[in-house]
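Enquirer: Numbering-wise, this note's numbering puts 72 at position 72 of the sequence shown, and it's gapless, one number per residue.
Beta carbons: idealized from backbone N, C-alpha and C, even for Gly.
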Amino acid sequence: MLPDSSIHGLMIKSARLYFVRAFHLLERLGLHPGQVPLLVALYREDGLSQKELVKRLSVKPSTVAVMIKRMERNGLLQRRPDDKDQRVTRICLTEEGRQIREQVTQVMQQLDREMFEGISSEERLLLRRLFLQIMQNLEAAEEPTSQPGKRGMPC
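Laid out in structure tokens, this is it:
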């Protein structure tokens, strides 16, 4: 068991607090924090296929399918057949999905202000660099043939 004051414990607790705060703020918009990266991907390039979204977001196809279904039900997205290949379905933002962009941006800016209160821009840059290094280290250590949840890990 890791003590709460260990770096691992602090990272986990910080991530949880961030998620809870993001959930609270985004809930007002009818969004879940996990849906924001999908929206951002479509803001950047509307009309991606589900397969392209899976690759860009680095999540399971079933996760993207559930997000699309919920966001479509909430009027933010719609599915359209590809003009050139009828086997492909394109995911497009609706007008409501485009309009919510500014509100999502404001929520993310508020989260940034709250999260980095009292932290200098130099310290933020250092923290960013450290997180990038941690991510690089973990990606390099990942076993290429394994899948999450398939390592015989209990519950």
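(1) Under the three-state reduction of DSSP, which class applies to Ile119: helix, strand or coil?
(2) Which word fits Ala65, buried or exposed, when buried means at least 16 other C-beta atoms lie within 10 angstroms of its C-beta?
(3) Would a C-beta distance cut-off of 7 Å place Ala22 and Leu111 closer than the cut-off?
(4) Thinking just about the alpha-carbon of each residue, which of Arg16, Ile12, Gly97 and Asp4 is nearest to the one in Glu72?
(5) By DSSP's criteria, Thr89 is part of a beta bridge. Which residues make up the other side?
(6) Ignore the nearest five residues each way along the sequence and tell me which others in Leu10's own chain have a CB closer than 6 Å to its CB.
(7) Helix, strand or coil for Ser6 per DSSP?
(8) For a test of the three-state rule: what should DSSP assign to Ser58, helix, strand or coil?
(9) Nearest to Gly30 by CA position, among Ser121, Met67 and Asp83, is which residue?
Expert: The answer reads as follows:
(1) coil
(2) exposed
(3) It is a contact, given that the beta carbons lie within the stated cut-off.
(4) Gly97
(5) Pro81
(6) none
(7) Here Ser6 sits in coil by DSSP.
(8) coil
(9) Met67
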